[in-house]
Amino acid sequence: MTDSDDALLPLEAVRPAEKAKTLGAPVAAADLPVARVVVDNPLPHLDRPFDYLVPERMDAEARPGVRVRVRFAGKLVDGFLLERVAGSDHGGRLAALERVVSPEPVLTPEIAGLTRAVADRYAGTMADVLRLAVPPRHARAESDKSAPAQTGPAQTEPGGTAPGGTAPGGTEQGGGEQGGAVADEERPGRTGEGSGAWEAYPMGPSFLEALRDGRHPRAVWSALPGNTGWAVPVAEAVRATLEGGRAAVVVVPDGKDVVMVDEALTGALGEGRHVAITADLGPAERYRRWLRALRGQVRAVVGTRAAMFAPVEKLGLVVIWDDGDDLHAERLSPYPHAREVLALRAHRAGAGMLIGGYSRTAEATQLLASGWAGPIVADRATVRAVAPRVKPAGEDGELAKDQAARAARLPSVAWRALRLGLEDGPVLVQVPRRGYLPSLACRTCRAPARCAHPPTRATLTEQLLCHGPLALRGGHAAPYCRWCGRIAGDWRCPSCGDGRIRASVVGARRTAEELGRAFPSVPVKTSGRDGVLATVGEGRALVVATPGAEPVAAGGYTAAVLLDGWAMLGRADLRAGEEAVRRWMNAAALLRPSAELVVLADAAMPAVQALLRWDPITHAERELADRRELGFPPAVRMATLTGSPSAVREMLGEVRLPSQAQVLGPVPVETRRSDGEQERAMIRVPRSVGPELALALKGATGVRAARKAQDVVRVSVDPLDLI
Numbered sequence: 117m118t119d120s121d122d123a124l125l126p127l128e129a130v131r132p133a134e135k136a137k138t139l140g141a142p143v144a145a146a147d148l149p150v151a152r153v154v155v156d157n158p159l160p161h162l163d164r165p166f167d168y169l170v171p172e173r174m175d176a177e178a179r180p181g182v183r184v185r186v187r188f189a190g191k192l193v194d195g196f197l198l199e200r201v202a203g204s205d206h207g208g209r210l211a212a213l214e215r216v217v218s219p220e221p222v223l224t225p226e227i228a229g230l231t232r233a234v235a236d237r238y239a240g241t242m243a244d245v246l247r248l249a250v251p252p253r254h255a256r257a258e259s260d261k262s263a264p265a266q267t268g269p270a271q272t273e274p275g276g277t278a279p280g281g282t283a284p285g286g287t288e289q290g291g292g293e294q295g296g297a298v299a300d301e302e303r304p305g306r307t308g309e310g311s312g313a314w315e316a317y318p319m320g321p322s323f324l325e326a327l328r329d330g331r332h333p334r335a336v337w338s339a340l341p342g343n344t345g346w347a348v349p350v351a352e353a354v355r356a357t358l359e360g361g362r363a364a365v366v367v368v369p370d371g372k373d374v375v376m377v378d379e380a381l382t383g384a385l386g387e388g389r390h391v392a393i394t395a396d397l398g399p400a401e402r403y404r405r406w407l408r409a410l411r412g413q414v415r416a417v418v419g420t421r422a423a424m425f426a427p428v429e430k431l432g433l434v435v436i437w438d439d440g441d442d443l444h445a446e447r448l449s450p451y452p453h454a455r456e457v458l459a460l461r462a463h464r465a466g467a468g469m470l471i472g473g474y475s476r477t478a479e480a481t482q483l484l485a486s487g488w489a490g491p492i493v494a495d496r497a498t499v500r501a502v503a504p505r506v507k508p509a510g511e512d513g514e515l516a517k518d519q520a521a522r523a524a525r526l527p528s529v530a531w532r533a534l535r536l537g538l539e540d541g542p543v544l545v546q547v548p549r550r551g552y553l554p555s556l557a558c559r560t561c562r563a564p565a566r567c568a569h570p571p572t573r574a575t576l577t578e579q580l581l582c583h584g585p586l587a588l589r590g591g592h593a594a595p596y597c598r599w600c601g602r603i604a605g606d607w608r609c610p611s612c613g614d615g616r617i618r619a620s621v622v623g624a625r626r627t628a629e630e631l632g633r634a635f636p637s638v639p640v641k642t643s644g645r646d647g648v649l650a651t652v653g654e655g656r657a658l659v660v661a662t663p664g665a666e667p668v669a670a671g672g673y674t675a676a677v678l679l680d681g682w683a684m685l686g687r688a689d690l691r692a693g694e695e696a697v698r699r700w701m702n703a704a705a706l707l708r709p710s711a712e713l714v715v716l717a718d719a720a721m722p723a724v725q726a727l728l729r730w731d732p733i734t735h736a737e738r739e740l741a742d743r744r745e746l747g748f749p750p751a752v753r754m755a756t757l758t759g760s761p762s763a764v765r766e767m768l769g770e771v772r773l774p775s776q777a778q779v780l781g782p783v784p785v786e787t788r789r790s791d792g793e794q795e796r797a798m799i800r801v802p803r804s805v806g807p808e809l810a811l812a813l814k815g816a817t818g819v820r821a822a823r824k825a826q827d828v829v830r831v832s833v834d835p836l837d838l839i
């Protein structure tokens, strides 16, 4: 597209007022008459600021960061004013701003720079990232400025030199002290005040002291198990940051975690000193709270992944809890991950960073290995005192007592743990699959049960059959297809002709039904996708939950059983072992100290050994070493191209990849029949070549967009679902 197509008119509009009036052009502002605007346009080849004339009548309102309306390619579109400059490099006449939507400068310079960096990191456009960073405007919330500004704790100017250190992955950034160090080497012996929950960690007090002193410590924190114990140390770190005169942003996976941190921050800071931002607030209330952070009325923000762009001023600390949770990965283009965005933001702003969790990801271990961050870990004696007692099902001693234990879904060791635990309080049963019977198979030959109906508006031919997996919603329901939704009451196995089915996987609702019959006098509670419980009381109860939906029990669970470990460890996923450890430890951390935990998985598996020893660190280091050997992230940078076979091959033939790039595939990927045939190619480069790969992919998508290619190729950099 040419500049004329972009509605960039000749520069003759920037002229003295008298001459402008003669030509009928708007009178330009006397000072800095050119506005650089990022236009809300997702086309990659137009991902750059455009110059527009600032009319004299808009001079006062057209400030950097405001929302504007401009004419772009013949249409009125939204945009953000990035800056005002004295002139333009464009040789033609500039189109004028149509209007300033609101005088509120909602795009701060820090967030503008961050969105540009995130777009470059993920081969996306700044307009797409801005949609994630700045919420939609609500005029009523914007006009309400009655809330008083919050001064916060007594502030002192942070001392010392300007923050320096290394960037994520080990790239040098300026001078100064090493950001990854959490100890105070200059003042040995000084532990800071109010360390509280951090006293359980040898490096914890010095981490808080560095935050109070205005420095930028970066750490990977292995939290001790124990109900909501992790939220209190996070609140103390935020308070230390505010005492150092800076702001803090906390990002957690879901709303249940937001409530925990919200309560902890209220206890640590008092009422009205922070805001909690989640999607379920509604657009108006969410925007109102976001504005409080923008206007400096609060200096601490907690929320789900959208809070990673919270517009706080003078950022001092970013926190992400449970960075391995897939809820931290944005599902909208360009698919950024909250951990990477926060690390990039901390690097750019010279802020500290805390990556916390009961387990540890390979990506966090990579940051430790590069020296960008330091570890915060409790000593082994402290860990053993609070960790649960883990028993794997199928040990030799148990098999000698119960020969059926190897094949039973709930062997005798699990029944004993549940029965004894119910004597003192609630017990937890974690089931990796939701629903009733989410996967079915032929009872005779065990072949997977698939839908034999044609898709909607398709002719009945063999190659167009739906082939979606069949499932059951209840004990007396007919099988249905999870893809097209049709009832398959007359299903027959195409291999052996049998019409009877059996369960391949048992879901949470069926498990709750079975346990309810086994313990008729005990209330059974479920927590999952259909309804998540936040808490349960101290009384006797059987709590059946899917991973991530486990409610917090008052005083902790007395026992727990982790069912179907094979379903987690047997997934065709690069992160299967890491994800199993994360989900198991998150559930185990809700137990009382030394409570019994039974895991139904082979004790010889590395993931099970990590749970038995409560040693996620060794497992993460081993995982990172394996990925280095195999050439998978985070040891390398990898991008995937997904689309129709012809489009993927066409893009691979056009993209100018770095010389070190390796192309794997393309190979077919399983999709619904209605989506058509899809293929995916993977491109692998060394970490140092990652920016070149992103630039090359963005250029190729820009070329395809410019010539209006019919088939879209989805580009994803370092995606979670590689395999």
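Count the sequence shown with our numbering and you get residues 117 to 839, in order. Heads up, the beta-carbon is just placed ideally off N, CA and C, and yes, glycines get one too.
Under DSSP, residue 437 takes part in a beta bridge, and its partners are 472. Boundaries for residue 323: no beta strand (DSSP E) harbours it, while the alpha helix (DSSP H) harbouring it runs 320-328, taken from the DSSP string.
If you draw a straight line from the Cα of residue 596 to the Cα of residue 679, it comes to about 25 Å. When secondary structure is reduced to three states using DSSP, residue 398 falls in the coil class, being assigned neither helix nor strand. Across the structure, residue 158 and residue 430 are spaced so that their CA atoms are roughly 30 Å apart.
Assignment of residue 449 by DSSP, reduced to helix, strand and coil, places it in the coil class.
At least 7 Å separates the beta-carbon of residue 752 from that of residue 776. Assignment of residue 713 by DSSP, reduced to helix, strand and coil, places it in the strand class.
Straight-line spacing of the CA atoms in residue 770 and residue 819 works out to 9 Å. Annotation: the segment 708-765 contains the following complete segments of the alpha helix (DSSP H) (minimum length 4 residues), in chain order: 722-729 and 732-746. Going by C-alpha positions, residue 733 is about 52 Å away from residue 216. Residue 630 has its alpha-carbon roughly 25 Å from the corresponding atom of residue 708. With distances taken between CA atoms, residue 352 lies nearest to 324 out of 666, 324 and 214. Using a C-beta cut-off of 8 Å, the segment 391-399 makes no contact with the segment 438-448, since fewer than three inter-stretch Cβ pairs fall below that distance. Residue 168 places its beta carbon 7 Å or farther from that of residue 223.
By the Cβ test, the segment 638-648 is not in contact with the segment 668-688, since fewer than three Cβ pairs between them sit closer than 8 Å.
DSSP, reduced to helix, strand and coil, places residue 383 within a helical segment of the structure shown. Residue burial annotation: residue 784 is exposed, with fewer than 16 other C-beta atoms found within 10 angstroms of its C-beta.
For residue 413, the secondary structure class from DSSP, reduced to helix, strand or coil, is coil. The DSSP assignment places complete beta strand (DSSP E) segments of no fewer than 3 residues inside the segment 185-235 at 191-201 and 215-218, in order along the chain. Counting of Cβ neighbours within 10 angstroms places residue 653 among the exposed residues, the total staying below 16. For the options 561, 545, 536 and 601, the alpha carbon positioned closest to that of residue 567 is the one of 601.
Here residue 651 is exposed, its C-beta having fewer than 16 other C-beta atoms within 10 Å. Distance from the Cα of residue 615 is smallest, within the candidate group 721, 388, 713 and 586, for 586. Residue 156 sits away from residue 228, with the two beta carbons spaced by 7 Å or more. With contacts defined as CB atoms closer than 7 Å, residue 477 and residue 438 fail to qualify as a contacting pair. Ranked by how close their Cα comes to the Cα of residue 249, the residues 420, 315, 416 and 150 have 420 in first place.
Here the alpha carbon of residue 687 sits roughly 15 Å from the alpha carbon of residue 663. Between residue 197 and residue 239, the CB-CB gap reaches or exceeds 7 Å.
In this structure, 387 is the residue among 816, 387, 822 and 399 with its C-alpha nearest to the C-alpha of residue 415. For the 7 Å CB-CB criterion, residue 424 and residue 493 do not form a contact. Beta-bridge partners assigned by DSSP to residue 781: none are found. The Cβ atoms of residue 468 and residue 633 lie no closer than 7 Å to each other. Across the set 809, 495, 164 and 211, the C-alpha of 211 shows the shortest separation from the C-alpha of residue 190.
Approximately 6 Å separates the beta-carbon atoms of residue 739 and residue 694; this is inside 8 Å, confirming the contact.
Comparing C-alpha distances from residue 346 to each of 474, 803 and 449 shows the shortest one belongs to 474.
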